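Residue numbers (our numbering), protein chains in the order written: chain A, 635 to 776; chain B, 635 to 776. For every residue, glycine included, the Cβ atom is placed at its ideal position computed from N, Cα and C. No experiment lies behind these values; they were computed from the predicted model shown. Each remark here refers to the structure printed beneath this line.
2 protein chains.
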Amino acid sequence: MFNKETEYALRGLVYIQLQNTNGRRPGIVEIAKEIEAPQFYTAKILQRMVKLGLVSSLKGKGGGFYFEEGKKDIPLEELIMQTEGNKTLTGCGFGLKQCDCENPCPLHEQYAPIREAINKLVSTETIQSLAKRYTLKSKTLL
Amino acid sequence: MFNKETEYALRGLVYIQLQNTNGRRPGIVEIAKEIEAPQFYTAKILQRMVKLGLVSSLKGKGGGFYFEEGKKDIPLEELIMQTEGNKTLTGCGFGLKQCDCENPCPLHEQYAPIREAINKLVSTETIQSLAKRYTLKSKTLL
DNA sequence: TTACTAAAAGACCTTTTTATCTTTTAGTAA
DNA sequence: TTACTAAAAGATAAAAAGGTCTTTTAGTAA
Chain A
635 MFNKETEYAL RGLVYIQLQN TNGRRPGIVE IAKEIEAPQF YTAKILQRMV
685 KLGLVSSLKG KGGGFYFEEG KKDIPLEELI MQTEGNKTLT GCGFGLKQCD
735 CENPCPLHEQ YAPIREAINK LVSTETIQSL AKRYTLKSKT LL
Chain B
635 MFNKETEYAL RGLVYIQLQN TNGRRPGIVE IAKEIEAPQF YTAKILQRMV
685 KLGLVSSLKG KGGGFYFEEG KKDIPLEELI MQTEGNKTLT GCGFGLKQCD
735 CENPCPLHEQ YAPIREAINK LVSTETIQSL AKRYTLKSKT LL
């Protein structure tokens, strides 16, 4: 469904949130290892997330990635928009050429409820809600 | 949602069905032009579809692509399975590492109804049902 | 202020996807 | 049986996605 960048970002951010809850600021080496993603690629992606303001980081000894105190929860939608643009979430899921309400492809109406459900899911669920669900199920890894 | 190969195959096959209804066997040049897809790439894809038995073709003068008389309608699922494998339709839509019923990602349950709706859609809708919907709406192009 | 640590930046490489073009083969119609 | 037409086949290439590595910069702790 999503590309690798989105996947690694999602898993990475959830891991960061999880560690923050334990009072830790994980570094990139640890994060990549734990979410089983390529280290340098994940680094590149998380650095982009920092620039975008989705997460913060601290250099130097004791540094690492973290979410600012009091920062609002991040809906998955926000992340996905940054990594994939709105193509994935809006527009016709069947990509039958240009397809919108005015010039619908033959699946436009049939797909509408699905598109809506997806949009609801990604706007309701957040990095934090996913992290919480992990904690509840006490999984060690993503 | 789907990759280019699936998209071109889908549009190409629907176009073929549409023309067959009019008693015509369109050639690759015409098909590519009408569905606004790259000609040689579309050719390659449709040739693969022929090999897979999803559609038939005839060489030589008066040749082109066509669906065998009495051939069963082709569910979108069948096409998608050939172009993308089962990854797109089964498994967790969020691709949070390995995710199945036994080791679910934190979105597995939330995504389940969506996955089901998608599967129902692609097994219900067929190349032919899409073509028919075009005819009803009397669209010239896909 | 020094040594160390960890992110930031960016060059570079690999693989996959998407696309193009040429040649060959097969079939049809006249 | 010849001329023509259209798909089949496959080599090649451009673009995008995915991934690696090295160097630089900034910050921390001692």
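Assignment of Leu-710 (chain A) by DSSP, reduced to helix, strand and coil, places it in the helix class. By the Cβ test, the segment 670-679 of chain B is in contact with the segment 636-651 of chain B, since at least three Cβ pairs between them sit closer than 8 Å. Closer than 8 Å to the CB of Ile-679 (chain A) there is not a single CB belonging to chain B. For Gly-698 (chain A), the uninterrupted beta strand (DSSP E) segment begins and ends at 698-700. By the beta-carbon neighbour count (other beta carbons within 10 angstroms, threshold 16), Leu-686 (chain B) is exposed. With a threshold of 8 Å between beta carbons, Pro-740 (chain B) makes contact with chain A. When rounded, the separation of the alpha-carbon atoms in Arg-659 (chain A) and Ala-671 (chain A) is 18 Å. Between the segment 707-714 of chain A and the segment 747-759 of chain A there are three or more C-beta pairs closer than 8 Å, enough to call the two in contact. Taking a C-beta distance under 8 Å as the contact criterion, Gly-646 (chain A) and Gly-698 (chain A) do not qualify as a contact pair. About 5 Å separates the CB atoms of Ile-761 (chain A) and Ile-708 (chain A); that is less than 8 Å, so the two are in contact. By the neighbour-count criterion, in which 16 or more other beta carbons inside 10 Å mark a residue as buried, Val-663 (chain B) falls on the exposed side. Tyr-768 (chain A) is not a Cβ neighbour of Val-684 (chain A), given a cutoff of 8 Å. In this structure, Ser-690 (chain A) sits away from Phe-674 (chain A), with a CB-CB distance that is not shorter than 8 Å. Arg-767 (chain B) has a beta carbon lying within less than 8 Å of a beta carbon in chain A. Annotation: Leu-755 (chain A) is outside any beta strand (DSSP E); the continuous alpha helix (DSSP H) that includes it extends over 742-758.
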